[in-house]
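Trainee: This is the structure, below, for whatever I ask next.
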Amino acid sequence: MSNTSDVIIVGGGVIGNAAAYYLSKKGVSVTVLEGSADIGHGGSSRNGGGVRQSGRDPRELPLAMYGIQNLWPGLSGELGIDTEYTPKGNLRLGKTQAHLDILRKLTDRAIACGLDVRMIGYEEIKSINPYLSDEVIGASWCPTDGHANPLTATLGFYVNARRLGARFISGEKAVKLQKVKGRLRKVVAESGVYEAETVIVAAGLESRPLLNTVGIDVPMTGNLMECLVTEAQPYLFDQMLGAAEADFYGHQSKHGSFVFGGSSGFEGCTLDKSGLLENYEKTAPATCRGIMRYFPDLKRAKIIRTWAGFIDVCADGVPVLGNAEEVPGLVIACAFSGHGFGISPAVGYNLAELITTGKTPVDISALRYDRFKAKI
Amino acid sequence: MKRYDLIVVGAGPAGLSAAIEGAKRGLKTVIFDENEKPGGQLFKQIHKFFGSKEHRAKIRGFKIGEELLAEAAGLGVEVVLNAAVIGLYQEKEVVVRIGEAVRHYKGDAVIVATGATENAVYFEGWDLPGVIGAGAAQTMMNLHGVRPGEKVLMLGAGNVGLVVSFQLLQAGCEVVAVADAASAVGGYGVHAAKVARTGVSFYLSHTIIKAEGGDRVNAVTIAEVDERFQFIPGTEKRFEVDTVCLAVGLSPMCQLLKMAGCRVLEIPAKGGQVPLVGTRGETSADGIFAAGDVSGIEEASSAMIEGRIAGIAAAEYLGYAVNAELEAAIAENEAALSELRQGMFAPGRRGDMVEFTDEGIHVSVSLLKKGYVNDEEIARFTSASETPGFRPIIECTQNIPCNPCRDVCPRNCIKVESITALPRLNEYNACSGCGLCVASCPGQAIFLVNGDVGGGFANVTLPYEFLPLPKEGDRGVALGRDGQVVCEAWVSKAQISSAFDKTNLLTIKVPAEMAGKARFFKSKGAV
Amino acid sequence: MGAVERILEREFVPADDDGVVVCRCEEITKGEIRRAVHDGIFTMTEMRRYLRAGMGLCQGQTCAKNVKALMARELGVPPLELEHATARSPMRPVEMYVLANEEVAD
Amino acid sequence: MEKRIGEHPILGKPQKGKLVTFTFDGAAAQGYEGEPISAALAAAGVSVHRYTAKAHKPRGIFCAIGRCTDCVMVVDGEVNVRACVTPLRAGMDVKTQRGVSAV
């Protein structure tokens, strides 16, 4: 098989798969190189499933809003796979005055961007979710937010892109980008060399060393975060939940299980000697204690699995997205900082537009790769 | 954090043995086991073990469990039950659920002896209530005293399927058939023979097409399969049953080792995914050892030896034993292990079709196909004579590592040259008819025949592990090795003795010409 | 681990027993698993994520071996080529209030 | 046939706790304290522990050692309780599980 295509996408996560799908739909030939054995190996399969606009930085909020208005509602039907998209609102919870101050600031900022989000008090919180504990004194409420299943969404994009002719190679780690006559042309991987007009680097944390091979650096770091999931439980609620300090998030899935993320406070300094993305022994118990303070009724729900995954945290907390003009042919989509899943359809769609028309429906200029400036 | 020299996960034969060897050498040792009772699978194994004295042969599995537990307790090993190890984290941190809390422990060495889990096969209706694992049947009847059903079909003619079939019969259930997709009985022939002689039919090259039922299985259909395991239409056989038992192999339960980052390989001959281990049970992770079924499916006897080696290795690793002692202990245990791994059922010969015994005798094909040695084939191995006086008839036809019959005979009538050799009679020694060999044979393959007790009759003494025990004078029928009625029979003696350890001896009187055939007894009432 | 080209030459052929449940917990049938392979689901881990096969209460302890054999047959590769899914704690289901209750061992 | 083994040829008479009363789907039932709930139910002739969520198929004991989790029931209001490894206590309220609830 020829190793030349219109576009190479490095990274078979939800971003790469979404881009592959929307590009294939436009008739663009795509090759996706996934370094691990599994499609969606990284953060795409290791997140809490939030599809939200509230709480986002104004620089990426337009992408979130675009996706929720234009892409998520019809996605399951379009892909023929249940992404379990549930737009039943997002409660971002506060337990202290300090929390409420954070939430207020985020809310005001989002309202200025045109988002329907507001602060609500105890009574209204209880009417939306009666299972929350009395410790919660206030929240931001965005009724158009929600959640979806990152596993089926990622694989849904993959299956459909593949069906439309995209070529996928897993276990093929890209090690070097190479320019030919001033333009990025080749991707050298462990088992082969691939060529294309355009290369999208959407490899999460792995993007940094790869981009380094053409002299571009994205200031980001890995942070090992953990989630846990319970056995299926009777239906309780369908909102997405978050917390003012972003140290607790989760939802009840369509299947009935609760998926929650939390933290022990040791994030960033835990051991991972074997590189197996190991769970830290203190995190799941800490997460459970956190959950029970929000949902005392869930105390008897059984945890059946925990997992860990790196988030690619950008220096300024928002993704790097778009053309890197100094290396013609290079498109960067990384550093999603732990909130990439919710915007993945919009990112994929906009990348496809960017590559085929040179323009994007959403202004992504604030996410440029060269935006980073010293603070003084 | 609480720290032990040695943390052992799993209180089965391997784990207990490992803890014993560690504690003997001064290691502060704890064992965690998720079950309410220690002993692992030993406590479901109510048959007498094969092997030699050193391997605790002729002792029943659950008794071995009790012995190991007492030995461990005597050495100061803490055995914590109802303690599920939920994770083996970095730096050998063991997290255990005990009661309503999780506790964190550190082990300077950790031995994982988590054993195995049962395989399953799927077919239409396999999810119906009443379709259960063979281990489930054992648990229900041997631990909880409840019969899993009344009429049972057993899928699987390996040792588990055969042993559990016999246990079902002992519990008072009816076993309608033993089926297996393989073309030959995979377990010990003697295990099959003691099931077949009670009248259970064997269907080799057969597997289940479907189970039927509403809220519980009420029928099962099996059919013959060809060499490619495809059903042969027209060969279907339907049985009305309320229970189907699945005994289709075991898989090592190595998740904890995987979580700990130990290198794991997939080795079909060992039953699936197993940790990469060295001769001392050491895994690729420093200070973490594996022993027993978790590192490859074998018999409990082998698990005990592997456990001992790992326990000594952990002691050496922590400086409680000198290397020379370790090497000597390993050599000794390895010799024992290699002895156990000899014969027709040696791990290296798994799957081979063996045609001749080590003695050069053509093996019984009928045993492999139907579960019993037929009348024609038995003559190659033993024969009953129609003369007065006792004589043991040893229907042991496969080379398996086992020799209690030799050790137990007070008159040295029986010789077993190497441990896997077939037992032979020392013709010059007169048998006293004590019956110890009959009761001791773990395969229940020895019978005493007195070929002439007058009036044209002979006495056959057979092992009998069922209730009720027939009484002297009871009338009934004798069944042949194939479980078919061969003649009328009268009970002339029923012996119970503590020396027989619950294998009662039933002596039946049959016409002299039937002495070579009568191998089981059914009371008239039970026919 | 080598590079795997995600192409399957064979077409999906329905079978009589496609309706038989393979993963008991999540009630996933043989036909669903076989069809998923043709959708491009090539690994055990992906199968868990795609169909939830092996993701239920027992976490695949009952069905993993069978799912693996079934996938291998459909892919036309030896079962040894398929990797089992990762082992993750807790090894047994644990109630939240129990996991939350970390006792300092004395 | 009586489901309980009165006397076993090798194991003798089963060692049991005291006879206690519990409720199964609202009706009074008896079993021995400390034995698994599933043993008491099996002795009472109950095979169905639950009906599945998707196909509403009956399920019962399969592995009997807490691994396959097919035998889960609603016990004292808690769903997904593994009946094969949960000891019976006097007064327990045991219900057939349907999907992930008792109704």
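Chains as they are written, first to last, in the numbering used here: chain D, -2 to 373; chain G, 692 to 1218; chain R, 18 to 123; chain W, 124 to 226. Backbone N, C-alpha and C fix where the C-beta goes; we use that ideal spot for every residue, glycine too.
Pull up the distance between the alpha-carbon of D/E228 and that of R/G71, whole angstroms please.
Mentor: 13 Å
Trainee: Using a Cβ-Cβ distance under 8 Å, would R/V84 count as near chain D?
Mentor: no
Trainee: Just list the alpha helix (DSSP H) runs in the stretch 1079 to 1106 of chain G, keeping only unbroken ones of 4 residues or longer that don't cross its boundaries, in chain order.
Mentor: 1095 to 1099
Trainee: Beta-carbon within less than 7 Å of G/G952's beta-carbon, same chain only, minus the 5 sequence neighbours each way: which residues are those?
Mentor: A976
Trainee: On the premise that R/A117 lies in contact with D/M388, defined as a C-beta separation below 8 Å, what is that separation, rounded to the nearest angstrom?
Mentor: Residue 388 of chain D falls outside the range modelled here, since chain D spans only -2 to 373, and no answer is possible.
Trainee: Out of G/A938, G/V768, G/A705 and G/P704, state which residue places its alpha-carbon closest to the alpha-carbon of G/L697.
Mentor: G/V768
Trainee: Let me confirm a value: D/A371 is counted as buried when at least 16 other C-beta atoms fall within 10 Å, else exposed. Which label applies?
Mentor: exposed
Trainee: Would you please verify whether the beta carbon of D/P282 is less than 8 Å from any beta carbon of chain G?
Mentor: yes
Trainee: Just to check my reading of the structure: G/I722 and G/V770 have Cβ atoms closer than 8 Å, yes? What is that Cβ distance to the nearest angstrom?
Mentor: 5 Å
Trainee: Would you call the stretch 110 to 129 of chain D in contact with the stretch 63 to 77 of chain D, where contact means no fewer than 3 C-beta pairs closer than 8 Å?
Mentor: no
Trainee: Measuring only between beta-carbons, confirm whether D/E278 sits less than 8 Å from chain G.
Mentor: Taking Cβ atoms only, chain G reaches closer than 8 Å to D/E278, which makes this a yes.
Trainee: In three-state terms, what does DSSP make of D/M62?
Mentor: helix
Trainee: Tell me the DSSP bridge mates of G/F922?
Mentor: G/V916
Trainee: Measure from the C-beta of W/S224 to each C-beta in chain G and report whether the shortest distance is under 8 Å.
Mentor: False, the Cβ-Cβ gap to chain G never drops below 8 Å.
Trainee: Between G/I1052, G/A870 and G/E1163, which lies nearest to G/L1113 when the distance is taken from Cα to Cα?
Mentor: G/I1052
Trainee: Are the beta-carbon atoms of G/G972 and G/L941 separated by less than 8 Å?
Mentor: Cβ distance not < 8 Å, so G/G972 and G/L941 don't count as in contact.
Trainee: For R/C40, list the residues DSSP reports as bridge partners.
Mentor: R/I45
Trainee: Along the chain, where does the alpha helix (DSSP H) that runs through G/C1128 open and close?
Mentor: L1127 to S1131
Trainee: With DSSP as the reference, label G/D933 as helix, strand or coil.
Mentor: coil
Trainee: Using beta carbons (cut-off 8 Å, strictly below), is G/I1084 in contact with chain W?
Mentor: Between G/I1084 and chain W, the shortest Cβ-Cβ separation is not below 8 Å.
Trainee: What distance in whole Å lies between the Cβ atoms of G/K735 and G/Q861, which are believed to be in contact at a cut-off of 8 Å?
Mentor: About 12 Å separates the two Cβ atoms, so there is no contact after all.
Trainee: Can you check which of these residues, G/E841, G/G1002 and G/K885, is closest to G/E931 by C-alpha distance?
Mentor: For the residues G/E841, G/G1002 and G/K885, the minimum Cα distance to G/E931 belongs to G/E841.
Trainee: With a threshold of 8 Å between beta carbons, is D/R290 in contact with chain W?
Mentor: Judged by the 8 Å Cβ criterion, D/R290 is not in contact with chain W.
Trainee: What three-state label does DSSP hand G/F1047 in the structure shown?
Mentor: DSSP places G/F1047 in strand when its eight states are reduced to three.
Trainee: Determine the direct distance from the alpha carbon of G/N850 to that of G/A748, and round the result to whole angstroms.
Mentor: 16 Å
Trainee: What runs of the alpha helix (DSSP H), each 4 residues or longer, lie entirely inside the stretch 1003 to 1068 of chain G?
Mentor: 1014 to 1031 and 1056 to 1061
Trainee: Quick one: is G/Y1119 buried, meaning 16 or more other Cβ sit within 10 Å of its Cβ, or exposed?
Mentor: exposed
Trainee: For W/V202, decide whether its Cβ has a neighbour in chain D, counting only Cβ atoms nearer than 8 Å.
Mentor: Yes, its Cβ sits closer than 8 Å to a Cβ of chain D.
Trainee: Kindly indicate the opening and closing residues of the alpha helix (DSSP H) around D/A95.
Mentor: Q94 to A109
Trainee: Counting pairs of Cβ atoms below 8 Å between the stretch 29 to 47 of chain R and the stretch 804 to 814 of chain G, do you hit three or more?
Mentor: yes
Trainee: Could you give the residue range of the beta strand (DSSP E) that holds G/L697?
Mentor: Element bounds for G/L697: K693 to V700.
Trainee: Comparing alpha-carbon positions, which option in G/V867, G/V1129, G/S1057 and G/H738 lies nearest G/V891?
Mentor: G/V867
Trainee: Do G/A825 and G/V855 have their beta-carbon atoms positioned less than 8 Å apart in this structure?
Mentor: In this structure, G/A825 lies closer than 8 Å to G/V855 by Cβ.
Trainee: Apart from the five residues just before and just after G/P1095, which ones in its own chain have a Cβ nearer than 6 Å to its Cβ?
Mentor: Excluding sequence neighbours, G/P1095 sits near A748, K749 and S1131.
Trainee: Between D/E275 and chain G, is any beta-carbon pair separated by less than 8 Å?
Mentor: yes
Trainee: Between W/R190 and chain R, is there a C-beta pair that is closer than 8 Å?
Mentor: Taking Cβ atoms only, chain R reaches closer than 8 Å to W/R190, which makes this a yes.
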